[in-house]
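Participant:
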Amino acid sequence: MDLGSLRIFYNTGVEGSVSKAALKLNCVQSNVTTRIKQLEAELEVPLFYRKKRGMELTPSGKILMGYAEKALVLFKEARQAVQETETVKGPLNIGSLESTAAARLPVILARYHQEYPDVDLTIQTGTDTELKAMIAGYQLDAAFVEASAKNIALDRIPVFNEELVVVTGKNADPPESMERPTLIVFPMGCTYRRILKNWFAQKGVHCFKIMEFGSHEGILGCVSAGLGVTLFPVSLIHQLNYNDRIRIYKLPKNTGHLGIHLIKRKDIVTTRALTEFQRIVHEEAGKPDMT
10 MDLGSLRIFY NTGVEGSVSK AALKLNCVQS NVTTRIKQLE AELEVPLFYR KKRGMELTPS
70 GKILMGYAEK ALVLFKEARQ AVQETETVKG PLNIGSLEST AAARLPVILA RYHQEYPDVD
130 LTIQTGTDTE LKAMIAGYQL DAAFVEASAK NIALDRIPVF NEELVVVTGK NADPPESMER
190 PTLIVFPMGC TYRRILKNWF AQKGVHCFKI MEFGSHEGIL GCVSAGLGVT LFPVSLIHQL
250 NYNDRIRIYK LPKNTGHLGI HLIKRKDIVT TRALTEFQRI VHEEAGKPDM T
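Residue numbers for the sequence shown, in the working numbering: 10 to 300.
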């Protein structure tokens with residue numbers, strides 16, 4: 010069993026198809042089929058159920074998938090570690106909540122790119138749940154997420170403290186007097202959506218209308234037009250210049266503040282690219298206008 014066979018097996022398991030795995034690996038289908046059969050013969054267990062359309066992992070195949078993923082990640086990290094020179098370079102994959110990416114990251118990313126232009130930096134935005142799943146699956150090197158229950162497998166660095174406010178249109182009724190408010194929010198999984206619904210629930214309001222949008226500008230635009238209410242970090246309201254078009258309502262301290270942590274797996278190799286990114290985040294987060 011070698012790394013090449015594991016790579017072919019793993020991609021076939023992910024894609025569920027020999028043809029798709031061959032296309033992804035840029036090789037012929039017969040090579041994929043042969044390597045999988047050789048691996049099954051070596052291990053003396055079937056790894057896939059062959060179906061008319063596609064391949065499905067057997068119980069033994071599912072077990073091997075976990076080890077194959079770890080082996081491929083370790084190989085990638087080992088190669089990065091030994092190839093590093095005085096020049097900070099290589100890939101760096103960072104995840105972030107949408108609001109953090111919009112309000113907090115531009116300054117950090119601009120400085121990082123200026124200091125380390127050879128790093129291939131990518132940013133992936135998503136919900137808190139999505140980002141934590143990508144960290145767990147080794148798809149991200151680090152991610153900005155909400156501060157929540159600790160996970161012993163993760164390193165956490167507190168970086169930002171967001172002040173959250175309820176937002177309505179200029180002429181809208183105060184949110185406390187709304188009997189069936191229209192919540193203008195991101196789709197399910199959004200932290201701010203959850204906090205806003207819980208805040209209304211504490212006031213005895215459990216019935217809502219929901220309008221979902223995929224952008225901050227879309228949400229604030231509809232709120233400023235009087236279509237409903239939302240919850241936003243103050244930093245993002247300032248960033249988008251909506252202060253004069255909306256009315257904000259502060260929340261109690263235990264509800265109105267959300268900590269943002271930079272998380273990463275404890276078992277990954279921390280490259281110089283990631284180390285320098287953490288340093289810049291720490292330095293920028295400590296500035297008065299970033300806290």
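The beta-carbon is built from N, C-alpha and C at its ideal position, and this holds for glycine as well.
(1) So, using beta-carbon positions, are T177 and V243 closer together than 8 Å?
(2) Which of the three DSSP states, helix, strand or coil, is assigned to Y201?
(3) To the nearest angstrom, report how far apart E124 and A30 are at their CA atoms.
(4) Among the residues of its own chain, which have a CB less than 6 Å from the CB of G198, if the five just before and after it don't count?
(5) Do the segment 254–270 and the segment 163–178 make contact, defined as three or more Cβ pairs closer than 8 Å?
(6) CB-CB under 8 Å to E155, same chain, minus the five flanking residues each way: which ones, in chain order?
(7) Could you tell me the alpha carbon to alpha carbon distance between N102 and T96, rounded to whole angstroms?
(8) Take I246 and list the residues in its own chain whose beta-carbon comes closer than 8 Å to its own, dropping the five residues that flank it on each side.
(9) Nearest by alpha-carbon distance to L236: which of I277, L192, M143 is it?
(10) Could you have a look at F84 and say whether DSSP puts it in helix, strand or coil?
(11) Thinking just about the alpha-carbon of each residue, which of V82, E24, E86 is nearest to the one in E65?
(12) Could I get the ranges of all uninterrupted beta strand (DSSP E) runs contained in the segment 15–87, with 3 residues as the minimum, in chain order?
Facilitator: Based on what the coordinates show:
(1) One-based indexing of the sequence shown puts residue 177 at position 168. One-based indexing of the sequence shown puts residue 243 at position 234. No, the Cβ-Cβ distance between T177 and V243 is not below 8 Å.
(2) Numbered from 1 along the sequence shown, position 192 holds the residue referred to as residue 201. Three-state DSSP puts Y201 in a helix.
(3) Against the sequence shown, residue 124 aligns to sequence position 115. Against the sequence shown, residue 30 aligns to sequence position 21. Those two C-alpha atoms are separated by around 38 Å.
(4) Numbered from 1 along the sequence shown, position 189 holds the residue referred to as residue 198. These residues qualify, in order along the chain: T136, T138.
(5) Segment contact: the segment 254–270 against the segment 163–178, three or more CB-CB distances shorter than 8 Å; contact assigned.
(6) On the sequence shown, position 146 is the one that residue 155 refers to. Taken in chain order, the residues that qualify are L106, D137, T200, L267, G268, I269, H270.
(7) Numbered from its first residue, the sequence shown carries residue 102 at position 93. Numbered from its first residue, the sequence shown carries residue 96 at position 87. So the alpha carbons of these two residues sit roughly 18 Å apart.
(8) Against the sequence shown, residue 246 aligns to sequence position 237. If we look at I246 and ignore the five residues flanking it on each side, its Cβ neighbours are V174, V176, L229, N252, I255, I257.
(9) Position 227 of the sequence shown, counting from 1, holds the residue named residue 236. Nearest of I277, L192, M143 to L236, Cα basis: L192.
(10) For the purposes of this step, residue 84 is taken as the residue at position 75 of the sequence shown. It is helical.
(11) Numbered from 1 along the sequence shown, position 56 holds the residue referred to as residue 65. Checking every option, the nearest Cα to that of E65 belongs to E24.
(12) Correct list: 57–59, 64–66.
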